[in-house]
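Taking full-length UniProt numbering, the leading residue of the sequence shown gets 1, the next gets one more, and so forth.
Cβ atoms here follow ideal geometry from the backbone N, Cα and C, with glycine treated the same way.
Data block below; observations after.
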Amino acid sequence: MPKTKSRKRKHVLGSEINLDNDLEYLEKVVLGDGTDIFEQKDEKVDNDEVPIPECKLPAWVDESDLDKNEIEKSVREKKFLNVMKKPKWSEKSQSQKKDTNILQKSGDLILKSKSLEQGNIHMKKVNDLNIQSFREGSVNVVKFHPHSSVGMVGGLSGVLSLFQVDGTENTKLHSIKFLKFPVTCASFVKDAEEVIVGSKYSRCLHTFNLMTGQTYKVSNYRTGTVREIKKVVVSPDDKVIGVCGPTGKIYLLSTTTKECIDSLQMNENVTSLAFNADGSRMYSIGDEGDVYIWDMNTRQCIQKFTDDGSINGTAIDVSSNNSLLACGSNTGVVNIYDINKVMSNNFTPLKILYNIRNPITGVKFNPTSEILCISSYHKENTIRLVHLGSMTVYQNFPQDKQKVGLVNCVDFSPNSGYFAVGDEKRRAHLFRLKYYGHLSDDQLQITKYLEYICKDYDFTHSSLHD
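And the structure:
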């Protein structure tokens, strides 16, 4: 029997798989069943917080990065201006710019004029400088401290007082009495830390130190042959004290030692002295009307001239800007000279003032060289203020309510904000010049310091016996 070949059984893929089951399986794989959809929906509903992708902001915003609309607008404006030009009505006028600048400031909208006006001077009479004292007697000295708001008043009673100047209270800081020593002249020396006091009734001087409160008497031998101290003037460089002596003598004292270091001689009795701004020259006038100009380095007279129309010279002063020289005489005439021309041989006064008919006893420039005060003690209220810009006299000073009696002395504060007048009835009248400002912060600090140290001074121990 022939052998039969064994056939290998062919295996057909999936032959052993149930087709129905296979179809269901494939449908689930490809299409999925309905339960998945509901499960996914339920999961979305249950999850309340759905993560939202964060939108990151730029680190900075560049103003030059404009969007398309802005870029297009800018380009159109430039093209328009290039073709049509900018209309004038859209530009700000100069007056509008000034108004805008003013409104951007926090100060007063009404600004004062740059220069002092002529005609009428705006000033107000305030409380007397020595309102808390009146012990000085006939006032011969009114001086303002050059670096603070402190005023000094002295008189024939021998009392010298210091006050804090504010125009209202004028608080007294200190008083000192020099026994048997009527005060006729005084001035600040040594950078205003000391006061030198003189009297035409005595040969000696007294000094008062503002820092320590101590007083010293300058002995006769130190002042040499000085017989009387009619007037003392301190040079601006604070090196020399000029003293008007008898018989035409001008004594020069050292501000440190108070010793007589030199003397100058005039051919007539000296009546008044003044230094220029840097102390390099001294001007003196005598009772015959002659003016002497001295070089303080060589101590020589470098010029001499007769004051125009003067018979008896009585007063002299130099402006702080070294431009004007004022000379007064016994006829009541005041001459104002250009100081740069008095060294020549042919010159005349810039202005001759005839406003006072009595002998002139005082001429005084203010620190800004804008005002000249002229006065006489031979008649009550004989005082005038001169506007130097126009060389005219102010018409509203003194008024009836501003009576100042017989004027012995005058002075301006460092900033010219205050003006003081001393009379024979113990009063130091005080006026506020409204054009000028207040003191600087440094000056106020010095004032407070002087007020502080003066509290420790003892009035009784400061008395001196001559």
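What's the C-alpha gap between residue i and residue j?
| i | j | result |
| --- | --- | --- |
| leucine 129 | cysteine 260 | 34 angstroms |
| lysine 177 | glycine 242 | 24 angstroms |
| serine 187 | serine 390 | 31 angstroms |
| asparagine 321 | glycine 248 | 28 angstroms |
| methionine 282 | leucine 264 | 11 angstroms |
| leucine 162 | asparagine 366 | 21 angstroms |
| glutamine 118 | asparagine 358 | 25 angstroms |
| aspartate 423 | valine 139 | 6 angstroms |
| glycine 313 | methionine 266 | 13 angstroms |
| leucine 430 | glycine 437 | 16 angstroms |
| phenylalanine 275 | valine 189 | 14 angstroms |
| threonine 306 | leucine 372 | 21 angstroms |
| proline 236 | aspartate 278 | 6 angstroms |
| glycine 167 | asparagine 346 | 46 angstroms |
| glycine 155 | arginine 426 | 8 angstroms |
| glycine 309 | asparagine 335 | 9 angstroms |
| methionine 123 | arginine 432 | 5 angstroms |
| threonine 212 | glutamate 193 | 9 angstroms |
| serine 106 | tyrosine 418 | Unreliable placement is indicated for serine 106, whose pLDDT of 49 sits below 50; no coordinate value is reported for it. |
| methionine 152 | threonine 207 | 14 angstroms |
| valine 233 | leucine 205 | 13 angstroms |
| glycine 158 | valine 141 | 11 angstroms |
| leucine 325 | lysine 258 | 28 angstroms |
| leucine 111 | lysine 434 | Any reading at leucine 111 is ruled out, since the residue's pLDDT is 49, under 50, leaving its predicted position unreliable. |
| asparagine 120 | aspartate 400 | 15 angstroms |
| isoleucine 250 | valine 270 | 7 angstroms |
| tyrosine 337 | proline 349 | 5 angstroms |
| serine 272 | histidine 145 | 22 angstroms |
| isoleucine 302 | aspartate 295 | 6 angstroms |
| glutamine 395 | phenylalanine 412 | 19 angstroms |
| leucine 210 | tyrosine 377 | 31 angstroms |
| lysine 78 | glutamate 72 | 10 angstroms |
| serine 329 | tyrosine 216 | 36 angstroms |
| asparagine 180 | aspartate 191 | Looking at the sequence shown, residue 180 is not asparagine but lysine. Cα-Cα distance, rounded: 28 angstroms. |
| arginine 135 | alanine 428 | 11 angstroms |
| threonine 256 | serine 280 | 18 angstroms |
| methionine 343 | lysine 125 | 40 angstroms |
Can you tell me which of the three DSSP states residue i falls into?
| i | result |
| --- | --- |
| lysine 78 | helix |
| asparagine 345 | coil |
| aspartate 423 | strand |
| glutamine 300 | strand |
| aspartate 108 | Since pLDDT at aspartate 108 reaches only 49, below the 50 mark, its modelled position is unreliable, and no value is offered. |
| residue 467 | Outside the shown range of the chain, which is 1 to 466, sits residue 467, and nothing can be said about it. |
| lysine 217 | strand |
| asparagine 312 | coil |
| isoleucine 121 | coil |
| asparagine 322 | coil |
| asparagine 330 | coil |
| asparagine 415 | coil |
Candidates the options: which alpha carbon is nearest residue i's?
| i | options | result |
| --- | --- | --- |
| glutamate 288 | Ile311, Arg299 and Met282 | Ile311 |
| valine 183 | Val75, Glu194, Leu160 and Asn69 | Leu160 |
| serine 133 | Leu173, Lys351, Ile121 and Phe144 | Leu173 |
| histidine 147 | Lys434, Ile285, Asn415 and Gly154 | Asn415 |
| asparagine 127 | Glu380, Glu169, Val270 and Lys379 | Glu169 |
| lysine 379 | Asn69, Lys403, Thr212 and Ser157 | Lys403 |
| glycine 332 | Thr348, Met343 and Ala315 | Ala315 |
| valine 218 | Leu210, Lys230, Arg203 and Val232 | Arg203 |
| isoleucine 196 | Ser254, Ser149, Ser74 and Ile250 | Ser254 |
| glutamine 214 | Ser175, Asp238 and Phe181 | Ser175 |
| valine 421 | Lys73, Lys143 and Asn120 | Lys143 |
| leucine 116 | Ser369, Lys73 and Phe412 | Ser369 |
| valine 165 | Tyr216, Lys239, Ile131 and Ser344 | Ile131 |
| threonine 171 | Leu179, Phe181, Ser149 and Lys114 | Ser149 |
| aspartate 317 | Val342, Ser284 and Asn297 | Ser284 |
Can you list, in chain order, the residues of its chain with a C-beta nearer than 8 angstroms to that of residue i? Leave out the 5 residues immediately preceding and following it.
| i | result |
| --- | --- |
| lysine 304 | Asp290, Val291, Tyr292 and Ile293 |
| asparagine 340 | Ser323 |
| glycine 286 | Gly248, Met266, Asn267, Glu268, Asn269, Val270, Thr271, Tyr292 and Gly313 |
| lysine 10 | Unreliable positioning characterises lysine 10 in this predicted model, as indicated by a pLDDT of 49, which lies under 50. The coordinate reading is nonetheless provided below. So the list is empty, once near-sequence residues are dropped. |
Less than 7 angstroms between C-beta atoms, sequence neighbours within five positions excluded: which residues of the same chain meet that for residue i?
| i | result |
| --- | --- |
| serine 375 | Thr361, Gly362, Thr382, Ile383, Val407 and Val410 |
| aspartate 262 | Leu252 and Arg299 |
| lysine 200 | Thr184, Glu228, Ile229 and Lys230 |
| proline 398 | Asn381, Ile383 and Val404 |
| lysine 351 | Ile336 and Met391 |
Apart from the five residues just before and just after residue i, which ones in its own chain have a Cβ nearer than 6 angstroms to its Cβ?
| i | result |
| --- | --- |
| asparagine 355 | Arg384 and Val393 |
| lysine 44 | In this prediction, lysine 44 scores a pLDDT of 48, lower than 50, which makes its location untrustworthy; the coordinate-derived value is nonetheless stated afterwards. If we look at lysine 44 and ignore the five residues flanking it on each side, it has no Cβ neighbours. |
| asparagine 47 | Summary for asparagine 47: the model assigns pLDDT 49, below 50, so the residue's position carries little reliability, and this model does not support an answer. |
| asparagine 240 | Inspection of the sequence shows that residue 240 is occupied by valine rather than by asparagine. Result list for valine 240: Leu252, in chain order. |
| request: At 3 residues or longer, and completely inside the stretch 225-284: list those beta strand (DSSP E) runs for me, N to C. | output: Inside the stretch 225-284, DSSP marks whole beta strand (DSSP E) runs of 3 or more residues at positions 232-234, 240-244, 249-254, 260-265 and 270-275, from first to last along the chain.
| field | Runs of beta strand (DSSP E) lying entirely within the stretch 126-205, each at least 3 residues, in chain order | value | Runs of the beta strand (DSSP E) spanning 3 or more residues and lying entirely within the stretch 126-205 occur at 139-144, 150-155, 159-164, 172-179, 185-189 and 194-198, in chain order.
| field | In chain order, each alpha helix (DSSP H) run of at least 4 residues that lies wholly inside the stretch 337-390 | value | Counting only runs of 4 or more residues that sit fully inside the stretch 337-390, no alpha helix (DSSP H) segment turns up.
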